[in-house]
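The sequence shown begins at 1 in the numbering used here and counts up by one.
C-beta atoms are modelled at their ideal positions from N, C-alpha and C, and glycine is treated no differently.
Values in this document were obtained by computation on a predicted structure and should not be read as measured data.
Encoded as structure tokens, the structure appears first; notes follow it.
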Amino acid sequence: MDNNDKLIDEVAKIYKVLSNATRIKILYFLRYQENDVQVNEIVKQLNIAQPIISKQLGILRRYQLVRNQKKGNQVFYILDDPHVVEMIDDMLNHVKHEIKGLPHPKNLY
């Protein structure tokens, strides 16, 4: 397997991680926070049970999409890779475009 194949395999793994709506909601919530956020704040804002949020944060952390910091017995999270959310923005724009039934813009390449 050459380096390009390895990169493509990693890309596929990250797309699989991003195939979960709860994970995308967490990333978007963290995107608009100025500081690290406690798990209980994510739970409160997204109205999703704490065990579910914690499990999804663990997966996002494993793939370096979020990072955490412990302060005492509290854990705080922040985006580790904001450009991934920009990629999700592009997909959301694609979906909105498809829903409206608009033709795709001409390829600029």
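Among the options, nearest to residue i - alpha-carbon criterion
i	options	result
Q38	E10, K71, N20 and N4	K71
Q45	N73, L60, Y28 and R61	Y28
H83	Q64, K100, V95 and E98	Q64
I79	D2, L57 and V17	As written in the sequence, residue 79 is Leu, which differs from the Ile given in the question. Nearest of D2, L57 and V17 to L79, Cα basis: L57.
V119	P103, S54 and K96	Look at the range of the chain in this structure, 1 to 109, and you will see that residue 119 is not part of it.
Nearest-angstrom Cα separation, counted from residue j out to residue i
i	j	result
I8	D90	19 Å
Y32	I26	10 Å
M87	I59	18 Å
S19	A12	10 Å
E10	A49	29 Å
G101	H94	11 Å
N3	L92	30 Å
Cβ-based neighbour list, residue i, same chain, cut-off 7 Å, excluding 5 preceding and 5 following
i	result
R61	R67 and N68
I156	This structure cannot settle anything about residue 156, because the visible part of the chain is limited to 1 through 109.
Reduced DSSP secondary structure (H/G/I, E/B, other) of residue i
i	result
Y15	helix
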